[in-house]
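Per UniProt numbering, the sequence shown runs over residues 1 to 406.
By construction, the Cβ of each residue, glycine as well, lies at the ideal position given by its N, Cα and C atoms.
Note sheet for the following structure.
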Amino acid sequence: MIWRWDERAFEAAQQPRPQSETQPARLKAVVCLEDEYVSDLVLDAFRRRPDWIVSTSADAAASADGVHQLWVEYELINWGLVHQGDLRANCYCIRKGLIRKAQLAVNLKNTLRRLCVRFLRQVRDMADGSAIWIAKPSITNQGAGICVFDRVSTLQAAVEAAEDLHEWVVQRYIDRPLLVDGRKFHLRAYVLCVGSLTAYVFDEILVLCAPDKYDAALRELGNQRSHLTNTCLQTAPSEDPHGDVQDPGTAEDLGLIKLLSELPQVLANEGQDLQVMQRRCRQASVDVQNVIGECMEAVSHELTFFTLPNCFELFGFDLLVDEDWRVWLLEANAEPDFRQTGDRLRPVVAGVVEGTMQTAVDSWAAQELGRTCNVQPSSTQRLGAWQEVFCSQVAGRQGVSGMSMS
1 MIWRWDERAF EAAQQPRPQS ETQPARLKAV VCLEDEYVSD LVLDAFRRRP
51 DWIVSTSADA AASADGVHQL WVEYELINWG LVHQGDLRAN CYCIRKGLIR
101 KAQLAVNLKN TLRRLCVRFL RQVRDMADGS AIWIAKPSIT NQGAGICVFD
151 RVSTLQAAVE AAEDLHEWVV QRYIDRPLLV DGRKFHLRAY VLCVGSLTAY
201 VFDEILVLCA PDKYDAALRE LGNQRSHLTN TCLQTAPSED PHGDVQDPGT
251 AEDLGLIKLL SELPQVLANE GQDLQVMQRR CRQASVDVQN VIGECMEAVS
301 HELTFFTLPN CFELFGFDLL VDEDWRVWLL EANAEPDFRQ TGDRLRPVVA
351 GVVEGTMQTA VDSWAAQELG RTCNVQPSST QRLGAWQEVF CSQVAGRQGV
401 SGMSMS
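Put into structure tokens, the structure is as follows:
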């Protein structure tokens, strides 16, 4: 699929779009998601809105006949209709400038040029064994291909072993992370981008812990279960000292998934001052929002993150907290795995979905169609709310994209 810029289509898109004199009795949505964990919540949200009729057919998504809103897998979206402005979608067509690690690094470098130059000098001049680094393939997931190293030869071996991967990012490894129960963890923040462009961070942030305890003094760089906090490693079988394979159970069973708002009490149980930890966690939440806001500003004008006014998308941002409580950006992910949240914290995902409906769908119906959606009550418990972190209308993206597909 090749997209081409169509100047005439773009100019036409800037003209006011005629409003239909008659509106349909009910709006039509298509919900077709592979993950039932999320799909059930999205379907419930639409069905509690009497103005909407919902289809779950993949064929309906492809044809989009009479459809107003898609909430489907990326591959099912009819991008021709989306780029004409006749259809709303739950994804942006082009977002690799945010979700591909190497391209995000380039966009951040353009914004923070002086800081990145200092980093490059450190990489060039640092002797083997004097610092720890981490290399990640740009488009991998589930921790595949990640290499933690303190010698260039280790990095060379990892790159040569992955011949099919051509784009990598090397980051300074945070070897003094904040620990919970002796384990390294990262924060997963859900981010909602709407139109061109307003960005929100969900205020209930996940804490995802590594399965094995962490000891910086040991420098066991090959032990991914200690150094990496990817959820796929939390439930992967491991070997005990006798070589027997152990089934660890679910990450939820092991207590490896928590909320940032729960962390003060957890750390207080480890001997920390509760009030101090509460202040620290509140500040960490603010820092997460600030970091993500700056990240969105860095990519907002890039063609590699081409936002559209009739689209929205949910992302998962991963961040690390070091022992001094500084927050570091790791990466951004499209199509975040909500199932990792587990059953105990499912109200968080319910809050994400309902908040997205209110922010991205209900607001559009009210502003563009003059419809105020009457939402029926739900028995599903919900936690959290969206907090705005960035808002700036990108010039030239007020209408449809002006792109054609061939």
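Counting the other Cβ atoms within 10 Å of the Cβ of SER379 gives fewer than 16, which makes it exposed. In the three-state reduction of the DSSP assignment, ALA210 falls in the coil class. The Cβ atoms of ALA332 and LEU98 sit closer than 7 Å to each other.
Here the segment 154 to 167 does not lie against the segment 182 to 189, with fewer than 3 beta-carbon pairs under 8 Å apart. Judged by DSSP secondary structure, GLU204 falls outside any alpha helix (DSSP H); it is assigned neither H nor E. Per DSSP, reduced to three states, the secondary structure at ASP65 is coil, with no helix or strand assignment. Taking the Cα of SER138 as reference, the smallest distance to any Cα among ASP86, ARG151, TRP168, THR154 is reached at TRP168. Sequence-distant partners of SER63 (beyond 5 residues in either direction) whose C-beta falls short of 8 Å from its own C-beta, in its chain, are ASN78.
Per DSSP, reduced to three states, the secondary structure at PRO347 is helical. Looking from the CA of ASP212, the closest CA among ASP337, PHE338, LEU256 belongs to LEU256. Residue environment for THR356: buried (at least 16 other C-beta atoms within 10 angstroms of its C-beta). A Cβ-Cβ distance of about 17 Å is found for the pair ILE174 and LEU260, leaving them out of contact under the 8 Å criterion. Two segments are said to touch when three or more pairs of C-beta atoms, one from each, lie closer than 8 Å; by this definition the segment 336 to 356 touches the segment 22 to 38. Rounded to whole angstroms, the separation of the alpha carbons of ARG183 and LYS136 is 21 Å. The beta carbon of VAL194 sits closer than 7 Å to those of PHE312, THR359, ALA360, all from its chain and outside the five residues before and after it, given in chain order. Scanning GLU297, SER363, VAL299 for the CA closest to the CA of ASN310 turns up SER363. If one requires a minimum length of 3 residues, the beta strand (DSSP E) runs lying completely within the segment 134 to 208 are 147 to 149, 168 to 172, 183 to 194, 198 to 202, in chain order. Inclusion of VAL191 and ILE94 in the CB contact set at 7 Å is not warranted, their separation being larger than that value. Closest option to ALA25, judged by alpha-carbon separation, among LEU369, VAL348, GLY316: LEU369. Here the alpha carbon of LEU274 sits roughly 10 Å from the alpha carbon of ARG280. Within a 10 Å sphere around the beta-carbon of ASN107 sit 16 or more other beta-carbons, which makes this residue buried. Straight across, the Cα-Cα distance linking TYR214 with GLN84 is about 52 Å. The continuous beta strand (DSSP E) containing PHE315 extends over residues 312 to 321. The beta carbon of LYS28 sits closer than 6 Å to the beta carbons of ILE53, GLY66, VAL67, HIS68 from its chain, once the five residues preceding and following it are set aside; these are given in chain order. Selection GLN156, ARG172, GLN103, VAL159 evaluated against ALA131 yields ARG172 as nearest (Cα-Cα).
In the structure shown, the three-state DSSP call for ARG88 is strand.
With a cutoff of 7 Å on beta-carbon distance, ALA199 and PHE390 are scored as near each other. As the crow flies, the alpha-carbon of SER285 is around 15 Å from that of ASP324. Inter-residue distance for ARG47 and ASN374 is about 11 Å (C-alpha atoms, whole angstroms).
In this structure, VAL30 lies away from LEU81, with their beta-carbon atoms at least 7 Å apart.
Ranked by how close their Cα comes to the Cα of ILE146, the residues ILE134, VAL152, GLN278 have ILE134 in first place.
Per DSSP, GLU270 lies in no alpha helix (DSSP H) and is assigned neither H nor E. In this structure, the CA atom of ASP181 is about 8 Å from the CA atom of GLU270. The beta carbon of ARG100 sits closer than 6 Å to those of SER138, ILE139, all from its chain and outside the five residues before and after it, given in chain order. Rounded to the nearest whole angstrom, the CA to CA distance from PHE306 to GLN272 is 45 Å.
By alpha-carbon distance to ALA298, the top candidate from SER57, LYS109, LEU41 is LYS109.
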